[in-house]
Each structure stands twice: as structure tokens, then as C-alpha cells.
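Visitor: Under this note's numbering, residues 10 to 148 are what the sequence shown spells out, in order.
Beta carbons are placed, not taken as given, at the ideal position from N, Cα and C, and that holds for glycine.
Pasting in a structure now, in C-alpha cells, and then I'll have a few things to ask.
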Amino acid sequence: MKPWGALLIGLGSCLALAWMCAEFSVDAIEDDLIARTEKSLQSLKIENLHVSADGRNIVLEGEVATEGVRQTAHAKVEAVAGTFTVLNRLRVAKVRRPATTPADPLADCCEPLTPEKENPGSSEGDRAFQKGGAEVKPY
């Protein structure tokens, strides 16, 4: 066998071995990185947290209460050993306040007019109307 043939066979074998190592160990590396990332974020109690990895790149998805929690999560994940980049897709939840309506919206602003109570300064026509009658005058 010629020296070039042996060199090509050796090189091909090394490439095949490197490909197999990379292919079968990537899943284990990603799984370990995801587990360590989730552990670092447990104290933040993020709802519907989903952590995924593409190599050493971490993707965060879920919903947080405030922008501060979102930034804290990003910083914690960056501190995890082995993390290359962090894609932070965490959303800040919108605050939902219950709608409150007063029992009577006019209760605080006005007193209702009653037939027994005359409005001071009103005209004769107004008083007649309040008592149930109506006075119509031509222009």
C-alpha cells in the first residue's frame, strides 16, 4: 500500500470517529446544560418555563411577572458554566386588574330630584314639571 493510501484511510477513520463522538455526545451535553439551567432558575418560579438548547446556546421561553425577573433569569442563565449564548424569549405578563364599578355611579356627585324637594332658583315651569304637570308657553 502506498503512503498516500494509508494516510487517506487514517484521515477518513479519524473524521468518522470525530463525527460519531460529536453526534452521540451532543444530546448528553445539551441535556446536562438544560438541567443545570432549570436548576439555576428554580428560585424565580417562572410559569410555563421551557428551556431548550442548541449546542451550548440556551433558549428561554415562558411568562414572568416583571421585567426585573426577566433580566435576573437572563443573568442567571449566562452564569451557568458551558453556556455560550442566551436567547431570552421570556414574556412579561400583563397585569389584569378586576374592573370595579360603583353600585350607583351618580351616588357621590348628585342628589336626585324628588317631587317633594324643590330645586331653589328654578322657574315656575320647572316646579310644575317636578309636580307632574307641564307648562308650555309659546315663543
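What's the gap between the Cα of E87 and the Cα of T94?
Guide: Each residue's Cα considered, the two are about 7 Å apart.
Visitor: Starting from T81, trace the alpha helix (DSSP H) both ways and give me its first and last residue.
Guide: Segment 76-87, the alpha helix (DSSP H) holding T81.
Visitor: If you follow the beta strand (DSSP E) that S61 is part of, which residue opens it and which one closes it?
Guide: Taken as a continuous stretch (DSSP letters only), the beta strand (DSSP E) holding S61 covers 56-63.
Visitor: Taking Cβ to Cβ, would you say L99 is nearer than 8 Å to A82?
Guide: Their beta carbons are under 8 Å apart, which means L99 touches A82 by this criterion.
Visitor: Tell me R100's beta-bridge partners as DSSP assigns them.
Guide: Paired residues: E72.
Visitor: Between the C-alpha atoms of A44 and L24, what's the straight-line distance to the nearest angstrom?
Guide: Spanning the two alpha carbons is a distance of roughly 30 Å.
Visitor: Using only the alpha-carbon positions, how far apart do L69 and G21 sit?
Guide: Roughly 39 Å separates the two Cα atoms.
Visitor: Taking the DSSP output, what are the residues bridged to T94?
Guide: T94 is bridged to N66.
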